């Protein structure tokens, strides 16, 4: 046990070490160049973790490993639960049925399309296909983080998915405003906000691209984006049920009965936090502080995930994950635009 009498000190040392790297990532995220490219502490954290894990990681005390694992599991789940403080049901009501339907269409079609292309056309493994598709369709790195424990995927696969989110999300953040201001996108300001919020990967990318155009576009974009974030909870539940059914159909009924991944309970915690935040019982400053702490918790989880990622495991993967991410990137641009025109 991580916090048994014998392991408690080692676990705390491991957590503190992860926290130190996460603090460094948080500090670096304030640099102008990182803000320009919308590099959040989460992204910098996983990069630092990978760099450390593949250089000095061999000297990391093995006894402290329980702290790293605690960060990738427990702290991750807590971070996802409190991620709900970024959304309220009032935000959902603001965009109405059209916004909800649009978000559902984007998330569901993008994920299903990505899964089928990844597993059937590109012959990628199931977990990598799901992680890349979840990151592209829902909310970037946070979606990858939340999906990884449901799949029980290997850390390096989550790192691959996060990398694709960073690359293509950053490209889109600069591309979309350029296309709009050049007249290539025949959308109103409201339509452009919906398009940004519905198709960009990370919340940071949405904010960055929206403010390049104007505040009104940015506000609409963020609301639509947070609707996609809210769909993370039902997605995780449905994914868990589907995985359980796959085990049953494969004949592994005993394993399916013993499995604890069918219902990711932290998804319900996420919804509970959204509901609590909707009551407006806390001041804006308190909510902002909670969000700052939550960002740090997720940064710790990402950093620990990076520390668990070894470059040698990438050998043999090839370019297929990049192909899938590229296809989904183009899909979001084209199909997302068509759905925006249709709904807005």
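Residue numbers (the numbering used here): 1207 to 1550. Backbone N, C-alpha and C define an ideal beta-carbon position, used for all residues, glycine too. This structure is a prediction, so every number in the text was calculated from the model and none was measured.
Query	Result
Residue 1314 versus residue 1510 - alpha carbon distance	30 Å
Separation of residue 1259 from residue 1296, as counted between CA atoms	43 Å
The segment 1401-1417 in contact with the segment 1235-1254 per 3-pair CB rule at 8 Å	yes
Burial state of residue 1390, where buried means 16 or more other Cβ atoms lie within 10 Å	exposed
Whether residue 1228 touches residue 1502 by CB criterion (8 Å)	yes
beta-carbon residue 1416 near the ligand MG non-hydrogen atom, thresh 7 Å	The ligand MG is absent from the structure shown, which contains no ligand whatsoever.
Under the three-state DSSP convention, the category residue 1335 falls into	helix
The segment 1290-1307 contacting the segment 1479-1493, beta-carbon criterion three pairs below 8 Å	yes
Assigned exposure category for residue 1236 - 16 Cβ within 10 Å defines buried	exposed
Assigned exposure category for residue 1362 - 16 Cβ within 10 Å defines buried	buried
Contact under 8 Å by Cβ, residue 1374 with residue 1531	yes
Length at least 4, wholly inside the segment 1393-1475: the alpha helix (DSSP H) runs in chain order	1395-1405, 1409-1419, 1421-1436, 1438-1455 and 1459-1464
Contact check, residue 1475 vs residue 1431, beta carbons under 8 Å	no
Which of helix, strand or coil DSSP assigns to residue 1235	coil
At least three beta-carbon pairs within less than 8 Å, the segment 1373-1388 to the segment 1438-1452	no
Stretch-stretch touch, CB-based, cutoff 8 Å, three pairs: the segment 1337-1345 with the segment 1526-1541	yes
Opening and closing residue of the alpha helix (DSSP H) in which residue 1363 lies	1361-1387
Residue 1485 burial status per 10 Å Cβ neighbour count (16 or more: buried)	exposed
Beta carbon of residue 1383 nearer than 8 Å to that of residue 1429	no
Presumed contact (8 Å Cβ cut-off) between residue 1255 and residue 1217, rounded CB distance	About 18 Å; that fails the 8 Å criterion.
Straight-line gap, residue 1311 to residue 1320 (C-alpha atoms, nearest Å)	14 Å
Inter-residue CB distance, residue 1350 and residue 1368 (contact presumed, cutoff 8 Å)	5 Å
Burial state of residue 1307, where buried means 16 or more other Cβ atoms lie within 10 Å	exposed
Secondary structure of residue 1307, DSSP reduced to three states	helix
Opening and closing residue of the alpha helix (DSSP H) in which residue 1267 lies	Careful: residue 1267 lies outside any alpha helix (DSSP H) and carries neither H nor E.
Under 8 Å between C-beta atoms of residue 1225 and residue 1506	yes
Simplified DSSP state of residue 1491, which is helix, strand or coil	helix
Residue 1271 versus residue 1365: straight-line alpha-carbon distance, rounded	19 Å
Reduced DSSP secondary structure (H/G/I, E/B, other) of residue 1509	helix
Closest Cα partner of residue 1517 within the set 1245, 1215, 1261 and 1347	1261
Cα-Cα separation between residue 1499 and residue 1513, rounded to whole angstroms	21 Å
Inter-residue Cα distance where the pair is residue 1265 and residue 1220	13 Å
First and last residue of the uninterrupted alpha helix (DSSP H) at residue 1283	1282-1288
Proximity below 8 Å, CB of residue 1443 to CB of residue 1473	yes
Cβ neighbour criterion (16 or more within 10 Å) applied to residue 1395	exposed
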